[in-house]
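With the sequence shown counted from 1, adding 186 to any position gets you the working numbering.
Glycine residues also receive a C-beta, built at the ideal position from the N, C-alpha and C atoms.
Reading through the structure tokens given below for one structure.
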Amino acid sequence: QRKYYFPIFIFIFSLNFIFRNKFIQFMIRFRKRVDFVIELSSSSVKLFDRSGINNVTYRTKTSDLVYNKVISIDDYKKFILPYIKSCLDIIKSSNYIIIATALYRNLKNSEEIIKLIENEVGQEVNIISGEEESRLVSLAVKKEYPELKRILIIDAGFNSTELGLIPENIFISLPVGFDKPGYIQLGEVFHKLKDDKDLILVVTGKRIQKMGYIKDPVNALKSHTILQRILKIIGNHPVVGTKASPGLGCF
């Protein structure tokens with residue numbers, strides 16, 4: 187009977203890995219039908235409605251409150267929390283989730299801010315990883331452009347840049363001003379795209395929205411330092427702009 191011990195051990199270990207790393211994330215997303223998503227980012231508090239009727243964006247400039255990677259509790263209560271509560275007043279439903287992106291990942295007092303929100307609104311706040319942020323943006327883009335089969339999504343935010351390659355489902359998150367190792371990582375993953383004639387670039391993110399990517403996405407790409415590095419690796423390809431956001435990928 188001892189010969190069965192090792193396979194059983196491997197089976198139990200595998201279950202433990204799945205439950206700790208995948209199943210919890212799955213339950214967060216799919217434990218119930220989600221009709222509303224509140225997205226907390228560096229520049230805004232956004233409310234997304236599955237039907238699209240109650241979509242709202244509050245321009246909060248949350249990043250302006252950050253000092254030495256810390257937001258004071260008093261400042262957050264005064265300048266950001268009221269907008270989150272305004273979202274709840276609109277939806278008047280318990281069928282929603284709250285997600286937070288790069289700025290919240292990078293805060294030194296992130297746990298304190300999240301606990302404040304959860305205590306005030308009575309709902310769990312999920313700080314998504316950079317890779318998950320990239321995946322959700324990619325899902326939103328695929329819904330918006332179902333006709334595009336081979337795309338590289340570039341989400342250039344204020345605190346990070348997310349890249350999603352479809353259909354390979356490669357998702358990468360890079361900090362703003364990423365260094366040489368990050369550049370090498372990009373080269374290893376994307377160098378083969380230079381001669382890919384079917385590739386379409388889809389660009390989004392508040393950081394390049396200010397550069398007018400909707401009207402002229404090509405020049406917006408070229409005027410962004412990080413995106414210049416990406417273009418140097420993958421070469422020139424057709425470019426389209428979008429307002430896709432992680433929140434839209436949750437439906």
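With burial defined as no fewer than 16 other Cβ atoms inside 10 Å of the residue's Cβ, what is the status of Glu348: buried or exposed?
Taking the first residue of the sequence shown as position 1, residue 348 is located at position 162. Buried, because 16 or more other Cβ atoms sit within 10 Å of the Cβ of Glu348.
From Leu338, Tyr269, Ile270, Asn295, pick the residue whose C-alpha is nearest to that of Phe357; which is it?
Position 171 of the sequence shown, counting from 1, holds the residue named residue 357. Ranking the options by Cα distance to Phe357, first place goes to Leu338.
Pick helix, strand or coil for Ile210, following the three-state DSSP scheme.
Reading the sequence shown from its first residue, position 24 is the one you call residue 210. At Ile210 the pLDDT is 44, less than 50, meaning the model places this residue with poor confidence and gives no usable figure here.
Enumerated in chain order, which unbroken segments of the beta strand (DSSP E) with a length of 3 residues or greater are wholly contained in the stretch 271-335?
Note on the stretch 271-335: whole beta strand (DSSP E) runs with a minimum of 3 residues are 282-286, 311-313, in chain order.
If I'm right that Ile313 touches Ile300 with Cβ under 8 Å, what's the distance once you round it to whole angstroms?
For the purposes of this step, residue 313 is taken as the residue at position 127 of the sequence shown. For the purposes of this step, residue 300 is taken as the residue at position 114 of the sequence shown. Going by Cβ atoms, the distance from Ile313 to Ile300 rounds to 7 Å, so yes, they are a contact pair.
Going by beta-carbon coordinates alone, are Ile340 and Gly373 separated by less than 8 Å?
Stepping through the sequence shown from its first residue, residue 340 is reached at position 154. Stepping through the sequence shown from its first residue, residue 373 is reached at position 187. Cβ atoms of Ile340 and Gly373: not closer than 8 Å.
According to DSSP, what are the bridge partners of Glu225?
As a first step, residue 225 must be located in the sequence shown, where it is residue number 39. Answer by DSSP bridge pairing, in chain order: Lys232, Ile285.
Kindly indicate which three-state DSSP category Phe165 falls into: helix, strand or coil?
There is no way to answer for residue 165, as the model of the chain reaches only from 187 to 437.
Would you call Gly435 buried or exposed, if buried means 16 or more other Cβ atoms sit within 10 Å of its Cβ?
If you number the sequence shown from 1, residue 435 lands on position 249. By the 10 Å Cβ count, Gly435 comes out buried.
Once DSSP output is grouped into helix, strand and coil, what is the label at Thr428?
In the sequence shown, residue 428 corresponds to position 242, counting from 1. Three-state DSSP puts Thr428 in coil, outside helix and strand.
Where Gly350 sits in the DSSP three-state scheme:
Indexing the sequence shown from 1 puts residue 350 at position 164. Three-state result, Gly350: strand.
If I'm right that Ile259 touches Leu302 with Cβ under 8 Å, what's the distance once you round it to whole angstroms?
The count along the sequence shown starts at 1 and reaches residue 259 at position 73. The count along the sequence shown starts at 1 and reaches residue 302 at position 116. With a contact defined as Cβ atoms closer than 8 Å, Ile259 and Leu302 qualify at about 6 Å.
Can you tell me where the beta strand (DSSP E) with Tyr262 in it begins and where it stops?
In the sequence shown, the residue the question calls residue 262 occupies position 76. Run containing Tyr262: none in the beta strand (DSSP E); it sits in the alpha helix (DSSP H), 259-265.
Just how far apart, CA to CA, sit Glu354 and Ile276?
If you number the sequence shown from 1, residue 354 lands on position 168. If you number the sequence shown from 1, residue 276 lands on position 90. About 38 Å.
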